[in-house]
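J.: Just dropping this structure here.
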Amino acid sequence: MDLSSMLLLLQQWVGEQIIIAVPVLLLSLVFLFKIHRVWSSSSKPHPYKLPPSPTRFPIIGNLHQLGTVAHRSFRDLSQKYGPLMFLYLGQSPPTLVVSSVEMAKEIMKNQDLVFASRPSNTASHTLVYGCTDIALAPYGEYWRQVKKISVVELLSIKRVQSFKHVRVEEVDIVIGKISGSCSSEEHGAQQVVNLTEILLTLTNNVISRCALGVKFETAHGNRFPKLSIEFFELLSAFCFADFFPYLGWIDVARGLHRKFKKASQELDVFLDQVIDEHLLRHSELEDDHGQIQDSDKLDLTDILILSQENYKNLSHDNIKAILL
68 MDLSSMLLLL
78 QQWVGEQIII
88 AVPVLLLSLV
98 FLFKIHRVWS
108 SSSKPHPYKL
118 PPSPTRFPII
128 GNLHQLGTVA
138 HRSFRDLSQK
148 YGPLMFLYLG
158 QSPPTLVVSS
168 VEMAKEIMKN
178 QDLVFASRPS
188 NTASHTLVYG
198 CTDIALAPYG
208 EYWRQVKKIS
218 VVELLSIKRV
228 QSFKHVRVEE
238 VDIVIGKISG
248 SCSSEEHGAQ
258 QVVNLTEILL
268 TLTNNVISRC
278 ALGVKFETAH
288 GNRFPKLSIE
298 FFELLSAFCF
308 ADFFPYLGWI
318 DVARGLHRKF
328 KKASQELDVF
338 LDQVIDEHLL
348 RHSELEDDHG
358 QIQDSDKLDL
368 TDILILSQEN
378 YKNLSHDNIK
388 AILL
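Residues are numbered in this note's numbering as their position in the sequence shown, beginning at 1, plus a constant of 67.
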């Protein structure tokens with residue numbers, strides 16, 4: 068190989084290294100700038116006296132101090148830093164951890180309007196119709212309207228009493244199952260009763276019958292149990308975008324956004340079907356004057372649909388969010 072060929076190969080190699088090095092250098096500069104910015108902002112004195120906070124690292128904050136069981140980590144940290152504690156979880160807004168009855172009363176009762184709104188995250192915004200249910204909706208006119216509907220229409224003493232027959236029937240079924248298991252024998256021994264599973268089924272069936280008018284375990288061809296499990300799993304999934312907004316692309320790359328969209332579409336189709344069935348039933352229950360007969364037999368979906376007459380801004384999507 069002559070000298071000119073060697074120089075040509077060397078030139079090509081240097082060019083390739085520059086192509087690789089430039090993006091790495093730019094990313095390193097961005098990363099260092101981010102660390103400097105976070106470190107500078109955290110070192111500035113705050114105009115207000117804030118609750119104590121554990122020592123945190125740049126970028127990740129206190130995330131490294133949370134174990135797999137977060138509430139136990141909160142308990143352990145609160146024993147050291149007190150009943151009011153600030154945690155910095157990544158680049159998200161600071162989290163206030165309350166660990167005593169007195170502080171909880173101050174937050175939830177005396178200062179309830181200040182802490183009425185809850186931060187939105189990727190999962191809840193996608194799965195719960197833009198956080199329009201009563202638990203996640205930001206404090207404002209819509210939240211006050213939904214709260215009024217819940218207190219007056221859904222959770223009044225009269226309405227709760229109207230579902231007494233549902234609770235009685237489901238408890239009778241559970242007692243029958245336990246009695247049957249105790250009296251029957253398998254391989255010469257009495258059957259073991261899984262109370263956790265039985266009581267969970269009881270709770271789910273009561274809630275489902277009161278809200279949707281059908282049993283949880285048989286709702287729409289067993290679709291509801293599967294959708295519910297997937298819904299709660301995704302709702303608690305870890306999203307990089309919630310803690311590091313500039314790393315949201317990782318959630319896309321690992322398919323989390325696709326799962327959110329798929330589950331949201333399946334839930335939407337299911338709840339649309341539930342509402343359509345209730346609307347059809349309304350037309351069958353109406354008398355000649357357009358009034359619903361046997362109003363005591365209405366479930367929560369029926370009541371929300373009928374509430375649209377008095378609350379014009381209550382859309383079908385709002386109803387679906389409240390049902391979730």
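Yeah, the Cβ is synthetic: ideal placement off N, Cα and C, and Gly gets one too. Keep in mind it's a predicted model, so treat the numbers as computed, not measured.
Consult DSSP for T122 and reduce its assignment to one of helix, strand or coil.
T.: Walking along the sequence shown from the start, residue 122 turns up at place 55. Residue state, collapsed to three classes: coil.
J.: Nearest-angstrom Cα distance between H345 and G322?
T.: The count along the sequence shown starts at 1 and reaches residue 345 at position 278. The count along the sequence shown starts at 1 and reaches residue 322 at position 255. Distance between the alpha carbons of H345 and G322: 35 angstroms.
J.: Is the region 365-382 close to the region 313-320, with three or more CB pairs under 8 angstroms?
T.: no
J.: Does DSSP put L133 in a helix, a strand or coil?
T.: For this step, residue 133 is matched to residue 66 along the sequence shown. L133 falls in the coil class under three-state DSSP.
J.: Would you identify the three-state DSSP class for G128, choosing helix, strand or coil?
T.: Numbered from 1 along the sequence shown, position 61 holds the residue referred to as residue 128. Three-state result, G128: strand.
J.: Tell me, which residues are paired with L163 by DSSP?
T.: For the purposes of this step, residue 163 is taken as the residue at position 96 of the sequence shown. F153, per the DSSP bridge assignment.
J.: How many Å lie between T122 and Q212 at the Cα?
T.: Within the sequence shown, residue 122 is the residue found at index 55, counting from 1. Within the sequence shown, residue 212 is the residue found at index 145, counting from 1. Rounded to whole angstroms, T122 to Q212 spans 42 angstroms at the Cα level.
J.: Which residue's Cα is closest to the Cα of H192: I240, I224, C306 and S120?
T.: Translated into the one-based positions of the sequence shown, residue 192 becomes position 125. Of I240, I224, C306 and S120, the residue nearest in Cα terms is C306.
J.: Measure from the alpha carbon of S229 to the alpha carbon of each residue in T189, R276, G197 and W210, then state which is nearest.
T.: Residue 229 sits at position 162 when you count from the first residue of the sequence shown. It is R276 whose Cα lies nearest to the Cα of S229.
J.: How should F299 be labelled, buried or exposed, when 16 other C-beta atoms within 10 angstroms of its C-beta is the threshold for buried?
T.: The count along the sequence shown starts at 1 and reaches residue 299 at position 232. Exposed.
J.: Leaving out five residues before and five after A308 in sequence, what residues of the same chain have Cβ atoms less than 6 angstroms from its Cβ?
T.: To locate residue 308, count along the sequence shown from 1; it is residue 241. Closer than 6 angstroms at the Cβ level, and outside the excluded window around A308, lie T189, G315 and D318.
J.: Suppose the cutoff is 8 angstroms on Cβ atoms and the five residues either side in sequence are ignored; what does the same chain contact list for E220 look like?
T.: As a working note, residue 220 is residue 153 in the sequence shown. Contacts found: R226, I370, L371 and S374.
J.: In whole angstroms, what is the alpha-carbon distance linking S120 and P312?
T.: The residue you call residue 120 lines up with position 53 of the sequence shown. The residue you call residue 312 lines up with position 245 of the sequence shown. Rounded to the nearest angstrom, the two C-alpha atoms are 23 angstroms apart.
J.: CA-CA distance, S295 and L367?
T.: The count along the sequence shown starts at 1 and reaches residue 295 at position 228. The count along the sequence shown starts at 1 and reaches residue 367 at position 300. Near 18 angstroms, if we compare the C-alpha coordinates of L367 and S295.
J.: Enumerate in chain order the residues of its own chain whose CB-to-CB distance from I265 is below 8 angstroms, with the five nearest sequence positions on each side excluded.
T.: Here residue 265 corresponds to residue number 198 of the sequence shown, with the count starting at 1. Contacts found: V241, K244 and I245.
J.: Leaving aside the five residues before and after N129 along the sequence, list all residues of the same chain whose C-beta is less than 7 angstroms from its C-beta, in chain order.
T.: Sequence index remark: in the sequence shown, residue 129 carries index 62 (1-based). So the qualifying residues of the chain are P121, R123, L154, Y155 and L156.
J.: When the Cα of R348 is compared with those of G197, G280 and L222, which residue comes out closest?
T.: Counted from its first residue, the sequence shown places residue 348 at position 281. Measuring from the Cα of R348, the nearest candidate turns out to be G280.
J.: Span of the alpha helix (DSSP H) holding R211?
T.: The residue you call residue 211 lines up with position 144 of the sequence shown. E208 to I216 is the span of the alpha helix (DSSP H), which, as asked, contains R211.
J.: What does a CB cutoff of less than 6 angstroms around N261 pick up in its chain, not counting 5 residues either side in sequence?
T.: Locating residue 261 in the sequence shown gives position 194, counting from the first residue. There are no such residues.
J.: For N385, which of T135, K326, A204 and D143 has the nearest alpha-carbon?
T.: On the sequence shown, position 318 is the one that residue 385 refers to. That would be A204, whose Cα lies nearest to the Cα of N385.
J.: Tell me whether the beta-carbon of P186 lies closer than 8 angstroms to the beta-carbon of M170.
T.: Within the sequence shown, residue 186 is the residue found at index 119, counting from 1. Within the sequence shown, residue 170 is the residue found at index 103, counting from 1. Contact: no.
J.: Rounded to a whole number of angstroms, what is the C-alpha to C-alpha distance between I342 and L144?
T.: As a position in the sequence shown, residue 342 is number 275, starting the count at 1. As a position in the sequence shown, residue 144 is number 77, starting the count at 1. Answer to the nearest angstrom: the Cα atoms are 46 angstroms apart.
J.: Per DSSP, what kind of secondary structure is D366 in: helix, strand or coil?
T.: Taking the sequence shown and counting its residues from 1, one reaches residue 366 at position 299. Three-state DSSP puts D366 in coil, outside helix and strand.
J.: Taking its Cβ as the centre, do 16 or more other Cβ atoms sit within 10 Å of I194, making it buried, or is it exposed?
T.: Position 127 of the sequence shown, counted from the first residue, corresponds to residue 194. Here the sequence assigns Leu to residue 194, which means Ile is not the residue at that position. L194 comes out buried.
J.: Which term fits A388, buried or exposed, when burial requires 16 or more other beta carbons within 10 angstroms of its beta carbon?
T.: Locating residue 388 in the sequence shown gives position 321, where the first residue counts as 1. A388 comes out buried.
J.: Look up Q178 in the DSSP assignment and say whether it is helix, strand or coil.
T.: On the sequence shown, residue 178 is found 111 positions in, with the first residue counted as 1. Q178 falls in the coil class under three-state DSSP.
J.: Could you tell me if C198 is buried or exposed, where buried requires 16 or more neighbouring beta carbons within 10 angstroms of its beta carbon?
T.: To locate residue 198, count along the sequence shown from 1; it is residue 131. C198 is buried by the Cβ-count criterion.
J.: Does the distance from the CB of S415 to the CB of R142 come in under 8 angstroms?
T.: In this structure the chain extends from 68 to 391, so residue 415 is not present and cannot be described.
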